[in-house]
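Please read the structure below before turning to the comments.
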Amino acid sequence: MVSYHPQFLMVTGMPTHYTGESGEPLAIDTHLHMFSEHVTAGNDAGWRLEEAAEALVEEAWLATKPKWKGLLGHPFSMALAWTLPVT
Numbered sequence: 096m097v098s099y100h101p102q103f104l105m106v107t108g109m110p111t112h113y114t115g116e117s118g119e120p121l122a123i124d125t126h127l128h129m130f131s132e133h134v135t136a137g138n139d140a141g142w143r144l145e146e147a148a149e150a151l152v153e154e155a156w157l158a159t160k161p162k163w164k165g166l167l168g169h170p171f172s173m174a175l176a177w178t179l180p181v182t
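Our numbering puts the sequence shown at residues 96 to 182.
This is the structure we're talking about:
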């Protein structure tokens with residue numbers, strides 16, 4: 096699973112958004128879940144978290160998104176790799 100990091104959503108208040116085929120900007124409803132809630136839900140469903148990775152806003156991002164200067168060092172995205180154990 097790949098997602099915006101909950102910390103990024105809390106700090107920016109920025110919804111997931113994109114530009115549609117018509118050129119119209121579109122926003123997707125955001126449902127904020129803490130990292131621990133993802134882990135708890137997966138474990139409760141019988142899944143096992145095998146790997147977790149988080150990316151930070153780094154200097155390279157600022158070349159494309161200079162307005163993010165105040166977010167430097169904040170978590171931006173996360174990826175969780177789950178397996179469903181065979182029983």
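We treat Cβ as the ideally placed atom computed from N, Cα and C, and that holds for glycine.
- Counting along the chain, the unbroken beta strand (DSSP E) around residue 114 starts and ends at 111 to 114.
- The beta carbons of residue 123 and residue 111 sit about 4 angstroms from each other, so the pair counts as a contact at 8 angstroms.
- Cβ atoms of residue 178 and residue 149 stay farther apart than 8 angstroms, at about 19 angstroms.
- Cβ-Cβ separation between residue 174 and residue 97: approximately 5 angstroms, consistent with a contact (criterion under 8 angstroms).
- Each of 102, 119 and 140 was checked against the Cα of residue 128, and the nearest Cα belongs to 102.
- A Cβ-Cβ contact shorter than 8 angstroms links residue 169 with residue 152.
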